[in-house]
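Q: One structure, as structure tokens, below. Some questions next.
Residue numbers (my numbering): 1 to 333.
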């Protein structure tokens, strides 16, 4: 699920190392490539790489600090992680001024509001696309398989840019724009590496466009795991059923969600909010507890609509009450 920067770092250097072996004796090349993984993890500097590769490695290191360690740090640790992460991004940009992931991540920290960050993303998207398409056009590896991977890697910074823009559009209340951006990204990347369909599902629910959501769900069904709806789609449907006061259907959908994910009742009761991933949506295992927690966090815009006395939101309070009742019933059986 979503982009793992360390895996992408490995792929980038793997491609460059493979190209360096072209024309070598096959036995010697096989022996050399067998040592690649060890050299990557233990002596990375011994591998051939460009300044752009080094910059992306620094982005991957910054992502670990900002996206995966910072949410669980105390105040003192958090300040240190932020400073260290920003230094890594600065170093990345010193090596490669066109490292679009680092540019985007720096802008997220420096923007004064979600609106200003969204405006920055929108204003720069065209230039980022042009730069990525130029890099893709230069992918001319002797191996067709390697050329395809190189071309895909070249476009990923733009895919992440669009996915981030779509996510911020929802937060800024620009739900139709979020769907438009999501459709644009799905056209460019039909496999939906950025999981932008999750963002689109929430945007449809915010618009209360049930017919649009179902058309979108049918069209993106091949992307789901074994045809099972993800938590974002299920939360969106629960929200729509609750808004039209069909509580029986909402309860049915909630039971389906609980049965699809481990430890779902605890996650739905606590409804924790996590900071959005700055590099990309956090990479977690499909249909894991972590994925549900992430979906609930992103679904806060649905759960906290129409705040009630609890301060949680009408739908959020209803969901917490329902899972509480379910837990009571289970304990009595």
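Glycine included, C-beta positions come from ideal geometry on N, C-alpha and C.
Please state the DSSP three-state secondary structure of residue 225.
A: Strand.
Q: So, is residue 277 buried or exposed, given that buried needs 16 or more other C-beta atoms within 10 angstroms?
A: Flag for residue 277 reads buried.
Q: Taking only three categories from DSSP, how would you classify residue 281?
A: Here residue 281 sits in coil by DSSP.
Q: Over the uninterrupted alpha helix (DSSP H) stretch that includes residue 123, give me the two end residues.
A: Here the alpha helix (DSSP H) through residue 123 covers 114-137.
Q: Report yes if the C-beta distance between residue 241 and residue 250 is below 8 Å; otherwise report no.
A: In this structure, residue 250 lies closer than 8 Å to residue 241 by Cβ.
Q: Kindly indicate which three-state DSSP category residue 332 falls into: helix, strand or coil?
A: Note on residue 332: pLDDT 39, under 50, position unreliable in the model; the coordinate value appears next. DSSP places residue 332 in helix when its eight states are reduced to three.
Q: Helix or strand or just coil, what does DSSP make of residue 219?
A: Note: residue 219 maps to helix in three-state DSSP.
Q: Which same chain residues, not among the five before or five after residue 89, have their C-beta less than 8 Å away from its C-beta?
A: The answer, listed in chain order, is 58, 59, 62, 102, 105, 106.
Q: For residue 100, I'd like the list of residues in its chain whose CB is within less than 6 Å of its CB, leaving aside the five on either flank, ordered along the chain.
A: Cβ neighbours of residue 100 beyond the five flanking positions: 128, 157.
Q: Give me the Cβ distance between residue 263 and residue 289, rounded to the nearest whole Å; I'm assuming they're in contact under 8 Å.
A: Indeed they touch by this definition, with Cβ atoms about 5 Å apart.
Q: Work out the CA separation of residue 302 and residue 316 for me, nearest whole Å.
A: Roughly 8 Å separates the two Cα atoms.
Q: Terminal residues of the continuous alpha helix (DSSP H) containing residue 271?
A: Taken as a continuous stretch (DSSP letters only), residue 271 belongs to no alpha helix (DSSP H), as it is neither H nor E.
Q: Does the Cβ of residue 325 have 16 or more other Cβ atoms within 10 Å, making it buried, or fewer, making it exposed?
A: That one is exposed.
Q: Quick test of your reading: residue 16 and residue 56, contact by CB under 8 Å. State the CB separation rounded to the nearest angstrom.
A: The pair is not a contact, with the Cβ atoms about 12 Å apart (cut-off 8 Å).
Q: Less than 7 Å between C-beta atoms, sequence neighbours within five positions excluded: which residues of the same chain meet that for residue 84?
A: Contacts found: 65.
Q: Could you give the uninterrupted runs of the alpha helix (DSSP H) lying entirely in the segment 46-84, keeping only those of 4 residues or more?
A: Runs of the alpha helix (DSSP H) inside the segment 46-84: 51-63.
Q: Is the CB-CB distance between residue 168 and residue 121 below 8 Å?
A: Yes. Within cutoff.
Q: Restricting to Cα atoms, I'd like to know which of 67, 140, 266 is closest to residue 336.
A: Look at the range of the chain in this structure, 1 to 333, and you will see that residue 336 is not part of it.
Q: In chain order, what residues of the same chain have a beta carbon less than 7 Å from the beta carbon of residue 96, not counting five sequence neighbours either side?
A: So the list reads 51, 52, 55, once near-sequence residues are dropped.
Q: What is the DSSP secondary structure of residue 243, reduced to helix, strand or coil?
A: Of the three classes helix, strand and coil, the one that applies to residue 243 here is helix, per DSSP.
Q: Take residue 48 and list the residues in its own chain whose beta-carbon comes closer than 7 Å to its own, dropping the five residues that flank it on each side.
A: Within the same chain, residue 48 has close Cβ partners 16, 17, 20.
Q: Around the C-beta of residue 229, are 16 or more other C-beta atoms found within 10 angstroms, so that it is buried, or is it exposed?
A: So residue 229 ends up on the buried side.
Q: Going by DSSP in three states, residue 256 sits in which element: helix, strand or coil?
A: Residue 256: helix per DSSP, three-state reduction.
Q: If you check the beta carbons only, do residue 181 and residue 162 fall under 8 Å apart?
A: Cβ distance < 8 Å, so residue 181 and residue 162 count as in contact.
Q: Residue 208 by DSSP, collapsed to three states: which one?
A: Looking at residue 208 - three-state DSSP - the assignment turns out to be coil, as it is neither helix nor strand.
Q: With the cut-off set at 8 Å, would you say residue 159 and residue 185 are in Cβ contact?
A: Yes, they are a contact pair.
Q: Quick check on this structure: which residue in 134, 6, 247, 179 has the alpha carbon closest to the alpha carbon of residue 41?
A: Minimum Cα distance to residue 41 is reached at 6.
Q: Which residue from 291, 179, 304, 245 puts its Cα closest to that of residue 267?
A: The residue with the shortest Cα to Cα distance from residue 267 is 291.
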